[in-house]
Amino acid sequence: LTVFAAGSTLSAIAANPAQLIGFRTLMGVGGAAVMPVTLAIITVVFPPRERGRAIGTWAGAVGGAIALGPVLGGLLLQNPQWFRWLIGNDWGSVFLINVPIIVVGMIGIARVVPETRNPHPQRLDPTGLTLSITGLVLLVYGIIHADDTRNWLDVTVLGPIAAGVAVLTVFVLLERRSAHRSFDVTLFSSRSFSVSLTAMSLAFFAMSGITFTLPFYLQVVRGYSTLSAGLCFLPFAVAQLIAAPRSARMVSRFGERAVIATGLAIVIVAVVGLAFLTVDTPLWLVLTDFFVFGLGMGNVIAPSSTVVQNSLPLARAGAGSAVQNTVRQVAGALGIAIIGTVLSTRYADQLDPGLAGLPAAVPDTAREALTSSVAAVPTVLDRARALGAPGPLLDEIRSLAFDAFVQASHMTVWISVGMLVVAEVTVLTLLPRRVADHDGHGTSTH
Numbered sequence: 200l201t202v203f204a205a206g207s208t209l210s211a212i213a214a215n216p217a218q219l220i221g222f223r224t225l226m227g228v229g230g231a232a233v234m235p236v237t238l239a240i241i242t243v244v245f246p247p248r249e250r251g252r253a254i255g256t257w258a259g260a261v262g263g264a265i266a267l268g269p270v271l272g273g274l275l276l277q278n279p280q281w282f283r284w285l286i287g288n289d290w291g292s293v294f295l296i297n298v299p300i301i302v303v304g305m306i307g308i309a310r311v312v313p314e315t316r317n318p319h320p321q322r323l324d325p326t327g328l329t330l331s332i333t334g335l336v337l338l339v340y341g342i343i344h345a346d347d348t349r350n351w352l353d354v355t356v357l358g359p360i361a362a363g364v365a366v367l368t369v370f371v372l373l374e375r376r377s378a379h380r381s382f383d384v385t386l387f388s389s390r391s392f393s394v395s396l397t398a399m400s401l402a403f404f405a406m407s408g409i410t411f412t413l414p415f416y417l418q419v420v421r422g423y424s425t426l427s428a429g430l431c432f433l434p435f436a437v438a439q440l441i442a443a444p445r446s447a448r449m450v451s452r453f454g455e456r457a458v459i460a461t462g463l464a465i466v467i468v469a470v471v472g473l474a475f476l477t478v479d480t481p482l483w484l485v486l487t488d489f490f491v492f493g494l495g496m497g498n499v500i501a502p503s504s505t506v507v508q509n510s511l512p513l514a515r516a517g518a519g520s521a522v523q524n525t526v527r528q529v530a531g532a533l534g535i536a537i538i539g540t541v542l543s544t545r546y547a548d549q550l551d552p553g554l555a556g557l558p559a560a561v562p563d564t565a566r567e568a569l570t571s572s573v574a575a576v577p578t579v580l581d582r583a584r585a586l587g588a589p590g591p592l593l594d595e596i597r598s599l600a601f602d603a604f605v606q607a608s609h610m611t612v613w614i615s616v617g618m619l620v621v622a623e624v625t626v627l628t629l630l631p632r633r634v635a636d637h638d639g640h641g642t643s644t645h
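Spelled out as structure tokens, the structure:
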């Protein structure tokens with residue numbers, strides 16, 4: 200938390216994008232040390248019979264925070280004067296706000312969280328860490344670079360992706376043989392661990408891609424302010440806060456497989472609903488869909504996390520939560536990379552023909568900006584109007600751009616649905632109805 204606070208403070212006063220990226224990396228280092236440990240502490244402190252409720256509360260808090268972040272961020276961005284005097288810019292407050300929250304958290308940790316320590320800690324794994332970072336950077340870069348080439352088969356796209364997969368394959372092979380592995384691949388020998396983590400990761404893939412896309416829809420296409428767009432995520436947060444803590448009771452009654460599968464089915468219904476969004480869909484329908492989405496996620500993340508942790512001995516709780524957090528974060532990063540790239544390339548392909556009518560006075564850079572991101576549409580069209588472009592033509596291009604974005608977002612929705620269907624089939628066919636914890640409670644999983 201101290202490292203995360205330091206990274207947040209430095210990010211708030213970053214002078215250029217390169218500095219911001221570097222300081223965000225520092226935040227990532229701190230965050231990566233927090234999330235797995237929180238889940239490991241819960242696993243150690245609570246006995247198996249209480250662990251489901253505890254992890255449900257944890258999952259509800261995490262899910263709620265993911266949705267509440269845009270609300271707080273929107274409030275701060277809409278009122279930049281609150282912190283401009285302190286940091287000298289209009290956007291750094293979204294990072295600086297982390298510091299007082301962390302101070303409260305650290306006080307709570309000092310007062311109530313017991314210390315737990317592995318009596319036989321292992322050495323660091325610099326080779327594994329280097330390989331994993333290199334492989335993931337290459338893989339994600341290749342995916343994102345497809346946005347520049349607009350061709351997934353281009354050698355500059357396939358090359359990094361293939362290299363990334365190759366490096367990650369070597370990483371996995373080395374980790375299987377390492378005596379001090381940073382990523383414990385042997386945990387995947389447990390079927391309940393593997394199936395639950397697969398379901399949770401694919402759900403995170405879908406959620407990350409969708410939550411990346413929706414702010415563009417709300418702020419640009421619908422014209423909502425940053426605060427209003429953030430408030431639209433409140434139903435998602437409320438639903439998770441309702442569903443996740445109560446999922447343990449449902450698991451006791453119906454079993455893990457039924458609850459997780461039902462949660463995934465609810466998520467699929469909500470995501471399919473997003474495939475029918477239009478430029479003027481009634482807001483109450485959008486908010487209802489977000490609420491249903493949150494209900495489903497609450498019944499996926501909490502019981503899946505519980506199964507993952509209960510399938511391991513307490514001595515490996517830290518390794519299990521670390522692997523769980525790593526896989527989930529990687530799935531989320533790939534979701535943003537893949538969904539974002541597909542969204543961008545599809546949007547550009549659909550919009551290109553409609554730009555032929557722009558007057559020659561509109562610079563090529565403005566045309567490129569229009570096709571690169573829907574977020575540029577209002578600014579570019581305002582400049583084109585100042586250069587003498589006729590209003591009806593610009594209104595037509597705006598309509599074309601928004602329609603192109605909505606249609607492109609529908610394609611990304613179906614990608615997410617496909618991932619969720621894979622997760623649903625995996626759970627229904629491979630996860631036992633009731634999963635035994637490592638202490639022998641429940642029904643055997645092997």
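In my numbering, the protein residues as written are 200 to 645.
Beta carbons: idealized from backbone N, C-alpha and C, even for Gly.
Report task. List the whole-angstrom C-beta distance separating G519 from R633, where the pair is believed to meet the contact cut-off of C-beta under 8 Å. Result -> In the sequence shown, residue 519 corresponds to position 320, counting from 1. In the sequence shown, residue 633 corresponds to position 434, counting from 1. In fact, because the Cβ distance is near 20 Å, the residues do not count as touching under 8 Å.
Query - Ordered list of alpha helix (DSSP H) runs contained in the segment 294-355, each at least 4 residues - result: Listed in chain order, they are 297-311 and 325-348.
Query - Contacts around V228, its chain only, beta-carbon distance under 7 Å, and the 5 residues preceding and following it disregarded - result: To locate residue 228, count along the sequence shown from 1; it is residue 29. V202, listed in sequence order.
Query raised in the report: What residues in its chain sit with their C-beta under 6 Å from that of R375, if we drop five residues either side in the sequence?
Result: Taking the sequence shown and counting its residues from 1, the one referred to as residue 375 is at position 176. Beyond the five residues adjoining it in sequence on each side, R375 comes within less than 6 Å, by CB distance, of V384 in the same chain, given in chain order.
Report task. Take G553 as the anchor and find which of M305, V620 and I596 has the nearest alpha-carbon. Result -> Walking along the sequence shown from the start, residue 553 turns up at place 354. Considering only alpha carbons, the answer is I596.
Query raised in the report: How should R250 be labelled, buried or exposed, when 16 other C-beta atoms within 10 angstroms of its C-beta is the threshold for buried?
Result: As a first step, residue 250 must be located in the sequence shown, where it is residue number 51. Buried, by the Cβ-count rule.
Query raised in the report: Between the segment 273-280 and the segment 424-441, do at least 3 Cβ pairs fall closer than 8 Å?
Result: Put simply, the segment 273-280 touches the segment 424-441. At least three CB pairs are less than 8 Å apart.
Report task. Determine the DSSP secondary structure at S377, reduced to helix, strand or coil. Result -> Locating residue 377 in the sequence shown gives position 178, counting from the first residue. Three-state DSSP puts S377 in coil, outside helix and strand.
Query raised in the report: Quick one: any contact between the segment 521-533 and the segment 401-412, if contact means 3 or more CB pairs under 8 Å?
Result: They touch, by the three-pair rule.
Query raised in the report: Where N288 and T578 are concerned, what is the direct C-alpha to C-alpha distance, given to the nearest angstrom?
Result: As a working note, residue 288 is residue 89 in the sequence shown. As a working note, residue 578 is residue 379 in the sequence shown. Here the alpha carbon of N288 sits roughly 21 Å from the alpha carbon of T578.
Query raised in the report: P414 and V450: beta carbons closer than 8 Å?
Result: Translated into the one-based positions of the sequence shown, residue 414 becomes position 215. Translated into the one-based positions of the sequence shown, residue 450 becomes position 251. Pairing P414 with V450 gives a Cβ-Cβ distance that is not under 8 Å.
Query raised in the report: How would you write the range of the alpha helix (DSSP H) that I220 sits in, first residue to last?
Result: On the sequence shown, position 21 is the one that residue 220 refers to. For I220, the enclosing alpha helix (DSSP H) has its first and last residue at P216 to V244.
Query raised in the report: Looking only at C-alpha atoms, which of A565, S395, V468 and L569 sits nearest to F604?
Result: Start at 1 with the first residue of the sequence shown, and residue 604 comes out as number 405. Ranking the options by Cα distance to F604, first place goes to L569.
Query raised in the report: Would you report the Cα separation of R310 and N297, rounded to the nearest angstrom?
Result: In the sequence shown, counting from the first residue as 1, residue 310 sits at position 111. In the sequence shown, counting from the first residue as 1, residue 297 sits at position 98. Straight-line spacing of the CA atoms in R310 and N297 works out to 20 Å.
Query raised in the report: So, using beta-carbon positions, are L238 and S395 closer together than 8 Å?
Result: Your numbering for residue 238 matches position 39 in the sequence shown. Your numbering for residue 395 matches position 196 in the sequence shown. In this structure, L238 sits away from S395, with a CB-CB distance that is not shorter than 8 Å.
Requested in this report: Could you tell me which of V541, A345 and F411 sits nearest to A266, measuring between CA atoms?
Outcome: Translated into positions along the sequence shown, residue 266 becomes position 67. For A266, the nearest C-alpha among the options comes from F411.
Query raised in the report: Would you call L482 buried or exposed, if buried means 16 or more other Cβ atoms sit within 10 Å of its Cβ?
Result: Against the sequence shown, residue 482 aligns to sequence position 283. Per the 10 Å Cβ criterion, exposed.
Query raised in the report: Using CA coordinates, which residue listed in A607, I500 and S598 is at the minimum distance from P444?
Result: In the sequence shown, counting from the first residue as 1, residue 444 sits at position 245. Relative to the Cα of P444, the nearest Cα in the group A607, I500 and S598 belongs to I500.
Query raised in the report: For G287, which three-state DSSP category applies?
Result: Position 88 of the sequence shown, counted from the start, is the residue given in the question as residue 287. Note: G287 maps to coil in three-state DSSP.
Report task. Could you check which residue in G291, S292 and G517 has the C-alpha nearest to that of R316? Result -> Taking the first residue of the sequence shown as position 1, residue 316 is located at position 117. For the set G291, S292 and G517, the Cα lying nearest the Cα of R316 is the one of G517.
**Report entry** Bounding residues of the alpha helix (DSSP H) (the contiguous stretch that carries V573)
**Finding:** The sequence position of residue 573 within the sequence shown is 374, counting from 1. Careful: V573 lies outside any alpha helix (DSSP H) and carries neither H nor E.
**Report entry** Residues of its chain near V626, where Cβ-Cβ distance is below 7 Å and the 5 sequence neighbours each way are ignored
**Finding:** As a first step, residue 626 is located in the sequence shown; it is residue number 427 there, counting from the start. Around V626: V394, A398, R456, I459, A460 and L463.
**Report entry** C-beta contact flag for I535 and T611 at 8 Å
**Finding:** Position 336 of the sequence shown holds residue 535. Position 412 of the sequence shown holds residue 611. Cβ distance not < 8 Å, so I535 and T611 don't count as in contact.
Requested in this report: In the DSSP assignment, find the unbroken alpha helix (DSSP H) run with V624 in it and report its ends.
Outcome: Here residue 624 refers to the residue found at position 425 when the sequence shown is read from its first residue. For V624, the enclosing alpha helix (DSSP H) covers residues G590 to L629.
Query raised in the report: Once you ignore the five residues that flank F387 on each side, which residues in its own chain have a CB closer than 7 Å to its CB?
Result: The residue given as residue 387 occupies position 188 in the sequence shown. The answer, listed in chain order, is S393.
Query raised in the report: If you draw a straight line from the C-alpha of P318 to the C-alpha of A514, how long is it?
Result: The count along the sequence shown starts at 1 and reaches residue 318 at position 119. The count along the sequence shown starts at 1 and reaches residue 514 at position 315. Cα to Cα, P318 sits roughly 10 Å from A514.
Report task. Would you kindly check if the distance between the Cβ of I465 and the Cβ of W440 is under 8 Å? Result -> To locate residue 440, count along the sequence shown from 1; it is residue 241. To locate residue 465, count along the sequence shown from 1; it is residue 266. According to the sequence provided, residue 440 is Leu. The question's Trp does not apply to it. Going by C-beta atoms, L440 is not nearer than 8 Å to I465.
**Report entry** Sequence-distant residues of its chain with Cβ nearer than 6 Å to A253 (five each side left out)
**Finding:** Within the sequence shown, the letter at position 54 stands for residue 253. Apart from sequence neighbours up to five positions away, the residues of its chain that approach A253 with a beta-carbon distance below 6 Å are I241 and F245, ordered along the chain.
Query raised in the report: Cα separation between L219 and W281?
Result: Taking the first residue of the sequence shown as position 1, residue 219 is located at position 20. Taking the first residue of the sequence shown as position 1, residue 281 is located at position 82. Roughly 21 Å separates the two Cα atoms.
**Report entry** Member of V420, V541 and N509 whose CA lies at the smallest distance from the CA of A345
**Finding:** Locating residue 345 in the sequence shown gives position 146, counting from the first residue. Of the candidates V420, V541 and N509, the one whose C-alpha sits nearest the C-alpha of A345 is V541.
Report task. Return the chain-ordered list of same chain residues with a C-beta closer than 8 Å to the C-beta of T477, the five sequence neighbours on each side being excluded. Result -> Position 278 of the sequence shown, counted from the start, is the residue given in the question as residue 477. The beta carbon of T477 lies closer than 8 Å to those of V605 in the same chain, with the five residues before and after it left out.
**Report entry** Three-way DSSP call (helix, strand, coil) for F203 in this model
**Finding:** Here residue 203 is taken as the residue at index 4 of the sequence shown, counted from 1. Here F203 sits in helix by DSSP.
Requested in this report: Please classify P247: does DSSP put it in a helix, a strand, or coil?
Outcome: The count along the sequence shown starts at 1 and reaches residue 247 at position 48. In this structure, DSSP gives P247 a helical state, which the three-state scheme calls helix.
Query raised in the report: Looking at C-alpha atoms only, which residue of Q523, G262 and M618 is the closest neighbour of S381?
Result: To locate residue 381, count along the sequence shown from 1; it is residue 182. Residue Q523 holds the alpha-carbon nearest to the alpha-carbon of S381 among Q523, G262 and M618.
Report task. Give, in chain order, every unbroken run of the alpha helix (DSSP H) that is at least 4 residues long and sits entirely within the segment 374-453. Result -> Counting only runs of at least 4 residues, the segment 374-453 fully encloses the following alpha helix (DSSP H) elements, listed from N- to C-terminal order: 390-415, 425-430 and 433-453.
Query raised in the report: Terminal residues of the continuous alpha helix (DSSP H) containing S510?
Result: On the sequence shown, position 311 is the one that residue 510 refers to. Note, S510: premise wrong, no alpha helix (DSSP H); not H, not E.
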